[in-house]
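Engineer:
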Amino acid sequence: MKLSLILLLLLWIPISIGSPIQPEQFRQSGEISRIRMSPDGKYLAYALREKKTDFVIILDLDTNQQTYAFQMGEDNYVASFLWATNERLLIEKAVVYKGYEHPYLIGHLQAINFDGSKNAQLWGFHRDQNRAKNRELGRFFNIVSVMKEDVEHIMLSTYDKGEGTRRLTKLNIHNGRTSLLERSRTTRASFVVGENGLPVAQLGILPSNDSELIYKNLSGEWIEIKDANDYAIFGSMKSGTILFEKDSGDNSIELIELNRLDGSTKTLVTLNNIEVSSIWKDRNGHLISYTTDDGKPEQHFFDMNSDEAKFYQGINNTFKGTYARVTTQSEDGARKIISVTSDTEPGMYVLFKDGKLSLFDQTFKDIDRKHFSKVLPISFQARDDKTIHGYLTLPTGANSPFPMVVIVHGGPFGVRDYWGFNQTNQLLASRGYAVLRINYRGSGGYGQKFEFSGHKQWGLAMQDDITDGTLWAIENEVADKDHICIYGGSYGGYAALTAVVKEPDLYQCAIGSAGVYDLPMQYKKGDIRRKSAGRSFLEDTLGSEMSVLIENSPIYHVGKIKAALLLAHGTDDIRVPFEHYEKLTEALDRYKIPYEPLVFKDEGHGYFNKKNSLEFNTKMLKFLSEYL
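Here the sequence shown stands for residues 257 to 884, numbered as in the numbering used here.
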């Protein structure tokens with residue numbers, strides 16, 4: 257398929273505003289997100305972020321005119337959109353609560369027609385009830401599917417706060433009336449439904465914290481799949497099959513199709529040490545492709561001669577060096593919104609209509625892309641010969657070795673760094689710093705064996721991976737050994753402080769943000785412990801042996817620190833209580849070790865408030881310029 261790019265896109269030339277990049281340049285208003293197209297391709301809904309709220313915009317793609325727009329209200333945000341029909345839009349709302357980094361789902365579902373008519377709250381508490389009470393007593397949901405054969409209803413997986421089991425619930429999209437179809441057998445279960453909207457599989461958690469996976473055969477009987485801890489569900493196929501990912505922990509990860517008629521399985525793809533990130537089905541429910549993130553994201557087509565594969569070949573030729581993917585499209589595929597991102601492209605939304613591409617919106621449009629630095633996938637061997645992956649951002653127009661900042665991602669388990677655009681990377685690279693990000697063991701995306709190898713390795717093998725990555729950068733003349741800083745938030749803050757305790761001569765400075773500094777305290781306090789699943793998670797991943805937790809807590813070894821320190825924390829942090837910061841700074845004061853404090857009295861875990869984010873980045877850049 258040959259694609260033509262209309263003049264609007266060709267003339268979209270950003271304004272050069274000089275280097276280095278300033279933190280305030282990333283404080284963009286008018287950023288759009290959550291774009292969703294109606295099934296017939298006539299309407300487009302998206303959220304428009306302005307200061308402390310989202311606006312919902314509905315656009316007629318035939319006339320390019322807004323049909324409706326409204327404000328969500330202060331501290332209210334769009335969590336997701338779904339077109340239930342060609343005319344009716346569903347909006348899931350989130351709100352900002354003290355102590356949390358991002359907007360919090362409250363179990364609120366609104367429905368509205370494309371022109372603003374027939375506005376109705378379908379799910380959640382009434383507006384006159386206390387918001388804090390809603391959090392404690394909230395009825396939450398996940399949208400499972402639209403029922404194509406029943407346009408009056410959708411399927412929800414619903415549950416109450418504190419209740420483990422889920423209910424598959426049919427919801428009327430006009431009046432909010434519900435009917436219960438199925439109750440899960442286990443806690444925290446996810447439902448998979450077939451084309452008729454009826455359940456065909458459940459994956460949940462048993463009291464032992466193991467997984468239970470069951471599917472319904474074509475005779476209506478529930479069948480259990482053994483060793484369910486190895487499985488993840490991608491969904492049902494129109495052919496009467498269910499698509500799974502199976503990871504048996506032997507470095508081999510398989511994409512498997514299970515036939516509900518006789519229980520037979522077929523392996524579609526076998527991968528080595530890398531998971532499937534996502535799959536793509538066409539409008540008829542047939543599998544088109546799967547995506548992996550082995551270094552850079554890559555889409556793999558089962559049939560390179562299909563229309564979908566040819567379309568992607570066309571947009572990849574148009575946007576070379578990027579990751580272009582269809583974000584939303586009409587049922588017939590004639591209209592699409594394509595998201596285009598890369599290490600040097602923060603994001604473009606491109607409209608495909610009438611066989612042509614046109615720019616719909618672009619993030620940070622006033623910053624010249626020439627100021628952005630490339631991000632290189634890297635790998636190295638850790639001291640025990642385990643292969644560790646990561647990403648290296650190098651400043652342009654300078655010679656190595658560079659002063660370097662090692663940035664450690666949070667989580668730590670199941671989370672990972674990806675290739676793509678990152679504001680912090682670009683801020684630092686524009687000032688001449690190399691940036692190293694390491695997917696240490698415990699990170700997600702590389703299979704169960706790799707993730708589980710990080711369990712109970714806080715301050716041990718996980719930390720060694722970060723040290724080995726830093727040494728790799730020095731040995732390969734990327735980093736100037738006398739000008740290296742380490743920075744991270746949450747678990748990353750823990751790793752940054754642990755690094756300057758365990759390797760006092762390797763790093764010249766460290767930045768801890770909302771960091772875990774006292775492991776016994778984290779085991780006993782914070783919101784993770786509020787649920788039995790959270791307590792089991794801490795037992796499995798952190799451990800409960802107090803002597804080990806103390807030995808691997810930086811707060812008890814501050815006397816070894818030689819590096820300059822910048823410490824930031826929010827007083828309302830629920831995930832990592834502010835007491836971590838208080839106890840660490842008290843210990844530093846006792847040893848007369850200097851540090852630069854940065855306390856946010858109106859912030860939780862991280863910096864959702866843009867004013868606080870700007871202050872932190874400004875302080876960080878000043879700190880780095882002084883010590884690197």
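Glycine residues also receive a C-beta, built at the ideal position from the N, C-alpha and C atoms.
Taking all protein chains shown into account, do 16 or more other C-beta atoms lie within 10 angstroms of the C-beta of LEU511, making it buried, or fewer, making it exposed?
Structural biologist: Buried, because 16 or more other Cβ atoms sit within 10 Å of the Cβ of LEU511.
Engineer: Can you give the beta carbon distance from LYS292 to PHE337, rounded, assuming they're within the 8 Å contact cut?
Structural biologist: This sequence places Arg at residue 292; Lys is not what is there. The Cβ separation is near 4 Å, so the contact holds.
Engineer: Name the DSSP bridge partner or partners of ILE314?
Structural biologist: Partner(s): ALA301, TYR324.
Engineer: What separation, rounded to the nearest whole angstrom, lies between the Cα atoms of MET777 and ARG672?
Structural biologist: Taking the straight line joining both Cα atoms gives about 25 Å.
Engineer: Are the CB atoms of TYR779 and VAL814 within a distance shorter than 8 Å?
Structural biologist: In this structure, TYR779 does not lie closer than 8 Å to VAL814 by Cβ.
Engineer: Do the segment 501-510 and the segment 523-534 touch if we need at least three Cβ pairs shorter than 8 Å?
Structural biologist: Cβ pair count under 8 Å is three or more, so yes.
Engineer: If you drop the 5 nearest sequence neighbours on each side, which residues of the same chain put their C-beta closer than 6 Å to that of HIS760?
Structural biologist: It should be noted that the sequence gives Pro, not His, for residue 760. Hits under 6 Å: LYS816, LYS818.
Engineer: What three-state label does DSSP hand SER545 in the structure shown?
Structural biologist: Note: SER545 maps to strand in three-state DSSP.
Engineer: Thinking C-beta only, is PRO602 closer than 8 Å to LYS552?
Structural biologist: Result no, Cβ atoms of LYS552 and PRO602 do not sit closer than 8 Å.
Engineer: Closer than 7 Å by C-beta to GLU343: which residues in its own chain qualify, once you throw out the five before and the five after it? Chain order, please.
Structural biologist: Same-chain partners within the cutoff: ASN369, PHE370.
Engineer: What would DSSP say about VAL814, mapped onto helix, strand or coil?
Structural biologist: Three-state result, VAL814: helix.
Engineer: Mind checking LEU458: buried by the 16 CB within 10 Å criterion, or exposed?
Structural biologist: The amino acid at residue 458 is misidentified as Leu; the sequence shows Gln. Label assigned to GLN458: buried.
Engineer: From what residue to what residue does the alpha helix (DSSP H) around LYS867 run?
Structural biologist: Taken as a continuous stretch (DSSP letters only), the alpha helix (DSSP H) holding LYS867 covers 866-883.
Engineer: With 16 as the cutoff for other CB atoms within 10 Å, does ASP384 come out buried or exposed?
Structural biologist: Confidence in ASP384 is poor, its pLDDT being 37 and thus under 50, which makes the residue's placement unreliable; the coordinate value appears in the next sentence. Label assigned to ASP384: exposed.
Engineer: Just curious, the beta strand (DSSP E) that SER614 is in, first and last residue?
Structural biologist: 612-618 is the span of the beta strand (DSSP E), which, as asked, contains SER614.
Engineer: Thinking MET876 and LEU822 are a contact (beta carbons under 8 Å), I'd like their distance in whole angstroms, please.
Structural biologist: Right, the Cβ-Cβ distance comes to about 7 Å (below 8 Å), so this counts as a contact.
Engineer: Please say whether GLU287 and THR309 have beta carbons closer to each other than 8 Å?
Structural biologist: No, Cβ-Cβ distance for THR309 and GLU287 is not below 8 Å.
Engineer: Which residue's Cα is closest to the Cα of ASN865: PHE311, LEU346, PRO359, GLY688?
Structural biologist: Taking only the C-alpha atoms, the option nearest ASN865 is PRO359.
Engineer: Quick check on this structure: which residue in TYR750, ASP774, PRO657, GLY676 has the alpha carbon closest to the alpha carbon of LEU727?
Structural biologist: Looking at the Cα atoms, PRO657 is the closest of the given residues.
Engineer: Indicate the three-state DSSP secondary structure (helix, strand or coil) for MET718 in the structure shown.
Structural biologist: Residue state, collapsed to three classes: helix.
Engineer: In terms of residues, what are the limits of the alpha helix (DSSP H) holding ASN572?
Structural biologist: Note, ASN572: alpha helix (DSSP H), 563-574.
Engineer: Tell me where the beta strand (DSSP E) around ASN681 begins and ends.
Structural biologist: Element bounds for ASN681: not the beta strand (DSSP E) but the alpha helix (DSSP H), 679-685.
Engineer: So, is MET411 buried or exposed, given that buried needs 16 or more other C-beta atoms within 10 angstroms?
Structural biologist: Buried, by the Cβ-count rule.
Engineer: Among SER788, THR421, GLU408, which has the Cα closest to the Cα of PHE397?
Structural biologist: Of SER788, THR421, GLU408, the residue nearest in Cα terms is THR421.
Engineer: Check whether the segment 447-454 and the segment 484-498 touch, using three or more Cβ-Cβ pairs below 8 Å as the test.
Structural biologist: The segment 447-454 is in contact with the segment 484-498.
Engineer: Looking only at its chain, what residues have a beta carbon closer than 7 Å to the beta carbon of THR597, apart from the 5 residues adjacent to it on each side?
Structural biologist: THR578, TYR579, GLY603, GLY676, PHE677, listed in sequence order.
Engineer: Let me check understanding here. Comparing Cα to Cα, which of THR584, SER709, HIS836, ILE730 lies closest to LYS781?
Structural biologist: Taking only the C-alpha atoms, the option nearest LYS781 is HIS836.
Engineer: Could you give the distance in angstroms between the alpha-carbon of ARG209 and the alpha-carbon of ALA445?
Structural biologist: Within the shown structure, residues of the chain are numbered from 257 to 884, placing residue 209 beyond reach of any answer.
Engineer: Say whether the segment 585-592 touches the segment 542-559, bearing in mind that this needs 3 or more beta-carbon pairs closer than 8 Å, one atom from each stretch.
Structural biologist: Not touching, per the Cβ criterion.
Engineer: With 16 as the cutoff for other CB atoms within 10 Å, does LYS712 come out buried or exposed?
Structural biologist: Classification of LYS712: buried, given that the 10 Å Cβ count is 16 or more.
Engineer: GLU842 to PHE620, Cα distance in whole Å?
Structural biologist: For GLU842 and PHE620, the distance between alpha carbons rounds to 41 Å.
Engineer: Which word fits LEU684, buried or exposed, when buried means at least 16 other C-beta atoms lie within 10 angstroms of its C-beta?
Structural biologist: When all chains shown are included, LEU684 counts as buried.
Engineer: To the nearest whole angstrom, what separates the beta carbons of VAL772 and TYR743, a pair I think is in contact under 8 Å?
Structural biologist: Actually they are not in contact, since the Cβ atoms of VAL772 and TYR743 sit about 15 Å apart, beyond 8 Å.
Engineer: Mark MET560 as exposed unless 16 or more other C-beta atoms lie within 10 angstroms of its C-beta, in which case mark it buried.
Structural biologist: When all chains shown are included, MET560 counts as exposed.
Engineer: CB-CB under 6 Å to TRP536, same chain, minus the five flanking residues each way: which ones, in chain order?
Structural biologist: The residues are ILE544, SER545.
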